[in-house]
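What follows is a short report on a single structure.
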Amino acid sequence: MPANKAKTDSDTMSDRTVVDFLRRQGPSTITELVDFAGVTATAIRQRLTRLMEQGLVAREAEVAGRGRPTHRYSLTREGAKHGGNNCEDLAQVLWTEVRAVEDPDVRHGLLQRIVSRMADVYRDKVSGHDLQERMESVVGLMADRDVPFEVTTSADGQLPVLTALACPYPDLAEQDRTVCSMEKMLFTELLGERVRLSGCRLDGENCCTFESSVAPTTVATMEH
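Here the sequence shown stands for residues 43 to 266, numbered as in my numbering.
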């Protein structure tokens, strides 16, 4: 295969593509990455080598019987955090102050006001006639914040699922899971549907997922 072919393939695929795939799928082989990205194995190896040098990806040999071992690639702890860009230091300080409020009712009220203010900032950027469209609108909103999300489908195929491929506040969430509840409250306001956290990275899932706790409705239905 010509050398410029690998270079062309590599240029059409970003490091983010590989990181997001590993975050979503977990430990994967080069073959699985090739099938997903539609580029050459050489291009995949080039990306993986660079990501390993950056400390974002780790390689582990998997021996099954005789023959050469299969290598699987997965995100390191640092790689799992890669992708969020939300003024983490400021968030850490502010969250510490919120947690310092001793009265639980006052603390909950403060969280609710924070969520409402955030929702007011983003509300005009979220639109759609049904839950699927509104979730896709949220995906675009999060992309503007450099935080990768996607919309998938629930196991029964009935409901759309909002999937966070990277946590906006990874260090913060590991210290206090209330952050996950705050995100759930925010999405409930933005989507106009009560949502639940159906899967969480802190529980060992590859991604955090948010599903509607009720049947999807249209904007027309919500207005009545």
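The beta carbon of each residue, even a glycine, is placed where N, CA and C say it ideally should be. None of the values given here were measured: they were computed from a predicted structure.
Could you have a look at C250 and say whether DSSP puts it in helix, strand or coil? strand
Runs of beta strand (DSSP E) wholly within the stretch 98-159 (minimum 3 residues, chain order): Runs found: 99-104, 112-117.
Does chain C have any CB closer than 8 Å to the CB of F78? No chain C appears in the structure shown, which is made up of a single protein chain.
Using only alpha-carbon positions, find the residue among R187, F78, E95, T112 that is nearest to E102. T112
Using 10 angstroms around the beta-carbon of V221, count the other beta-carbons present and answer buried if the total reaches 16, otherwise exposed. By the neighbour-count definition (other C-beta atoms within 10 Å, threshold 16), V221 is a buried residue.
DSSP state of S70, grouped into three classes? strand
For the stretch 223-232 and the stretch 165-183, state whether three or more C-beta atom pairs, one from each stretch, are separated by less than 8 Å. yes
Would you list the one or two residues that DSSP bridges to T194? V203
Considering Cα atoms alone, identify which of V193, S158, P69, M94 is closest to E120. M94
The alpha helix (DSSP H) that contains S223, what's its start and end? 220-233
Just to confirm my understanding: we take A309, look at its own chain, exclude 5 residues before and 5 after, and list those with CB closer than 8 Å. What are they? Here the chain covers residues 43 to 266 and nothing more, so residue 309 does not appear.
Go ahead and pull the three-state DSSP assignment for V256. coil
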